[in-house]
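Chemist: Input: one structure, supplied below.
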C-alpha cells in the first residue's frame, strides 16, 4: 500500500481553538482528531514563527539549526540557512530517498523571497511543486512564488483570498499528481496571524466571543522574570477591548482554514485515497491574549505560548484517541520519515518518531527542550521610553513583550512521577522559574525558591545536556531514572505537595 502524507501547519493556533465547545475548527477536529489521535502535550521548540518552522523542517532544536528570530540577521531563510540546512529537511529526504512527490503551499519562513535571500526565484531543495508566500503573513495584496515565478494577487475575494487560494492549489495538486508515487503535501496557512482579515462570509461570526478568562488572565506575574513583572495590572479597558477584538478576528480567519481541511479530506475520500493517507494538523506556536496582563503576542515560556494542538489520522491509527505523551515539533519530521520507511538514525535530526506512540507503544521520552533568544532595540521604544533601550514589541500602555534578556531555555517534563517546567534566563540574575503543572496548570506560582538546591542542580544539569545535544544524543536521555528519583526525594521535603500535586 502506498502511504501518503499531508501536513497542515497553521499559525498561532491554540488548544482553545481546537478543544473548546465553541470553536472555529469543529470540522477539523471531527475529520482529523476524532478520526485519529490528539496529543494533549504537544510543544514547540521555540515560541516564535521562524525558529519554530525551522525546527519543523529540520527536526532540530534552534541551537542546532541556528535560526534565532524572524530576521535575515537571525538566520531566517538566509543564505547561510539555505547552504547549511535546506538540503537536509525532511521533505528533501522524502523526495530524494523515498521517491515522494512533494507539494508546498503557504507561508514558508518569514524572510522567504527577500532579495538578499534569492528572491522568489529561489525554490528550496525537495519540492516538486512550490507555492510560497513572499515574506510574512497576508491575506490580500501579496506575491506568491509559483515554482520560482512571481504571481501577484490583489484584493478580490473570489480569486485572491490567500487561504482559499492555498486550498484550491492543494486540490489541483491532488487532482493532477501521479497515482503511481506516494505524495507529501505541506499546507501552511498564515491564518490566524495578523492582520486577521476574515473572508467576507465570516466577518460577523463570534461577535459575542471574548478571549478566555483563565485564572491567569489579567493577573500580575509578581514572581516571574522582570519582563512579565513590568506588565501593568489590571490592564486598561482599551487593552482588554483590543485583545478581545483580536481574538474574535483570529477565530474568524480560522473558519476558512476549517473549510480548507474539509475540502482536502473530501477530495481524498472522493479519490479513494483517504484510508492510506496520514494527515497531521498542528501549529508553529501558541499565543497569549491577556494572560499575566500581556496584551497580545507569543515569545514567552508559558504553556499558552509553547503548547500547541497536534492531531493525526491515518492507517492503523485508532479513532478517538487522546495521548498524554510528550511530543515536540522536532518530532514531526522524524515521524513522517519513519512512516515513509526511512531510518531517522541516519539523519542529524534531534527529534524522535512518535509513530510507535500512535500505534499504542507505551515507551517514550519524558522531557524536551524549549529555547528562545530575546530581541530588543538599541534605542528606547517611543511607546515605553521609561524602560530605556533593550526592549521591543511594546504596546501604548507601556507593556513590552520582548527584550534582549528575555533569553531562556527550559526543560519541559511530562512523566508519571513528574509534570513540570524548569527554565533558566540568560541574564545577570540567571533568573529561574519552576512550575508544578499538575498542581498549577496556569503557572500562577513560581516555586523555584522552595524546591531545594538538589532539585535545581539536577534540573540545571539536564538543561545543559539538552542545550548541548545534537542528533542521537538529543534522543537518548541520560540517567533519566535517577533524575526522576531525585525529583521524588526532593519533594518529600515539602509536605504542601500532596500526592495529587506530585510533579
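In this note's numbering, the protein residues as written are 73 to 575.
Where is the CB? At the ideal position from N, CA and C, for every residue including glycine.
Please name the residue in 440, 464, 472, 283 whose C-alpha comes closest to that of residue 539.
Modeler: As a working mapping, residue 539 is identified with position 467 in the chain shown. Closest option to residue 539, Cα to Cα, is 440.
Chemist: Roughly how far, in whole angstroms, is the beta-carbon of residue 372 from the beta-carbon of residue 119, given that I think they are within contact range, below 8 angstroms?
Modeler: Locating residue 372 in the chain shown gives position 300, counting from the first residue. Locating residue 119 in the chain shown gives position 47, counting from the first residue. Indeed they touch by this definition, with Cβ atoms about 7 angstroms apart.
Chemist: Put residue 216 into one of helix, strand or coil per three-state DSSP.
Modeler: Along the chain shown, read from residue 1 onward, the residue named residue 216 stands at position 144. The answer is strand: DSSP assigns residue 216 an E or B state.
Chemist: Going by alpha carbons, who is nearest to residue 396 out of 368, 413, 434?
Modeler: Locating residue 396 in the chain shown gives position 324, where the first residue counts as 1. Checking every option, the nearest Cα to that of residue 396 belongs to 434.
Chemist: My parser needs the alpha helix (DSSP H) runs of 4 or more residues fully inside the stretch 374-408; what are they?
Modeler: Every unbroken stretch of the alpha helix (DSSP H) spanning 4 or more residues and falling wholly within the stretch 374-408 is given here in chain order: 375-378.
Chemist: What's the gap between the Cα of residue 271 and the Cα of residue 238?
Modeler: Indexing the chain shown from 1 puts residue 271 at position 199. Indexing the chain shown from 1 puts residue 238 at position 166. In a straight line, the C-alpha of residue 271 is about 14 angstroms away from that of residue 238.
Chemist: Just reading off the alpha helix (DSSP H) that residue 278 is part of, what are its end residues?
Modeler: For the purposes of this step, residue 278 is identified with residue 206 of the chain shown, where counting begins at 1. Looking at the DSSP string, residue 278 is not in any alpha helix (DSSP H), and its letter there is neither H nor E.
Chemist: Where does residue 108 fall in DSSP's three states?
Modeler: As a first step, residue 108 must be located in the chain shown, where it is residue number 36. Coil at residue 108, not helix or strand.
Chemist: In chain order, which alpha helix (DSSP H) runs of at least 4 residues are fully inside the stretch 302-379?
Modeler: 309-342, 375-378
Chemist: Taking the continuous alpha helix (DSSP H) assigned at residue 529, which residues delimit it?
Modeler: Numbered from its first residue, the chain shown carries residue 529 at position 457. It spans 525-540 - the alpha helix (DSSP H) in which residue 529 sits, taken as one unbroken run.
Chemist: Would residue 283 be called buried (16 or more neighbouring beta carbons within 10 Å of its own) or exposed?
Modeler: As a first step, residue 283 is located in the chain shown; it is residue number 211 there, counting from the start. Classification of residue 283: buried, given that the 10 Å Cβ count is 16 or more.
Chemist: For residue 411, I'd like the list of residues in its chain whose CB is within less than 7 angstroms of its CB, leaving aside the five on either flank, ordered along the chain.
Modeler: Translated into positions along the chain shown, residue 411 becomes position 339. Taken in chain order, the residues that qualify are 75, 77, 350, 427.
Chemist: What separation, rounded to the nearest whole angstrom, lies between the Cα atoms of residue 509 and residue 171?
Modeler: Locating residue 509 in the chain shown gives position 437, where the first residue counts as 1. Locating residue 171 in the chain shown gives position 99, where the first residue counts as 1. Put simply, the backbone Cα of residue 509 is about 43 angstroms away from that of residue 171.
Chemist: Hey, out of 454, 450, 472, whose CA is closest to residue 462's CA?
Modeler: Within the chain shown, numbered from 1, the residue matching residue 462 stands at position 390. Measuring from the Cα of residue 462, the nearest candidate turns out to be 450.
Chemist: Cα separation between residue 191 and residue 262?
Modeler: Within the chain shown, the letter at position 119 stands for residue 191. Within the chain shown, the letter at position 190 stands for residue 262. Looking at the two C-alpha atoms, the distance is approximately 19 angstroms.
Chemist: In three-state terms, what does DSSP make of residue 466?
Modeler: Reading the chain shown from its first residue, position 394 is the one you call residue 466. It is a strand residue.
Chemist: Assess, as a yes-or-no matter, whether the stretch 159-168 is touched by the stretch 223-242 under the definition of 3 or more beta carbon pairs within less than 8 angstroms.
Modeler: Short answer: they don't touch.
Chemist: May I ask you to list the residues that DSSP assigns as paired with residue 484?
Modeler: Along the chain shown, read from residue 1 onward, the residue named residue 484 stands at position 412. Per DSSP, 440, 493.
Chemist: How would you label residue 473, buried or exposed, when you count the other beta carbons within 10 angstroms and need 16 or more for buried?
Modeler: Position 401 of the chain shown holds residue 473. So residue 473 counts as buried.
Chemist: Among 432, 465, 455, 454, which residue has its Cα nearest to the Cα of residue 447?
Modeler: Working through the chain shown from its first residue, we reach residue 447 at position 375. Taking only the C-alpha atoms, the option nearest residue 447 is 465.
Chemist: Starting from the C-beta of residue 420, find all residues in its chain whose C-beta is less than 6 angstroms away, skip the five residues before and the five after it, and write them out in chain order.
Modeler: As a first step, residue 420 must be located in the chain shown, where it is residue number 348. The residues are 543.
Chemist: Start and end of the beta strand (DSSP E) containing residue 251?
Modeler: The residue labelled residue 251 in the question sits at position 179 within the chain shown. Counting along the chain, residue 251 falls outside any beta strand (DSSP E), and DSSP gives it neither H nor E.
Chemist: Does DSSP put residue 153 in a helix, a strand or coil?
Modeler: Residue numbering aside, residue 153 sits at position 81 when the chain shown is read from its first letter. Residue 153: helix per DSSP, three-state reduction.
Chemist: Locate the alpha helix (DSSP H) running through residue 662, then write down its first and last residues.
Modeler: Outside the modelled stretch of the chain, which goes from 73 to 575, sits residue 662, for which no answer is possible.
Chemist: When the Cα atoms are used, what is the spatial distance from residue 528 to residue 437?
Modeler: On the chain shown, residue 528 is found 456 positions in, with the first residue counted as 1. On the chain shown, residue 437 is found 365 positions in, with the first residue counted as 1. If I take the Cα positions, the gap works out to 21 angstroms.
Chemist: By DSSP, does residue 78 sit in helix, in strand, or in coil?
Modeler: Stepping through the chain shown from its first residue, residue 78 is reached at position 6. Residue 78 falls in the strand class under three-state DSSP.
Chemist: Between which two residues does the beta strand (DSSP E) holding residue 429 run?
Modeler: Indexing the chain shown from 1 puts residue 429 at position 357. Taken as a continuous stretch (DSSP letters only), residue 429 belongs to no beta strand (DSSP E), being part of the alpha helix (DSSP H) at 427-430.
Chemist: Quickly, what does DSSP pair residue 173 with across the bridge? List them, please.
Modeler: Against the chain shown, residue 173 aligns to sequence position 101. Beta-bridge pairing links residue 173 to 255.
Chemist: Does the beta carbon of residue 296 fall short of 6 angstroms from some heavy atom of the ligand FMN?
Modeler: Absence of the ligand FMN is noted for the structure shown, with no ligands found whatsoever.
Chemist: Taking the alpha helix (DSSP H) that residue 508 falls in, what are its first and last residues?
Modeler: Position 436 of the chain shown holds residue 508. Unbroken run through residue 508 is the beta strand (DSSP E), 504-508; no alpha helix (DSSP H).
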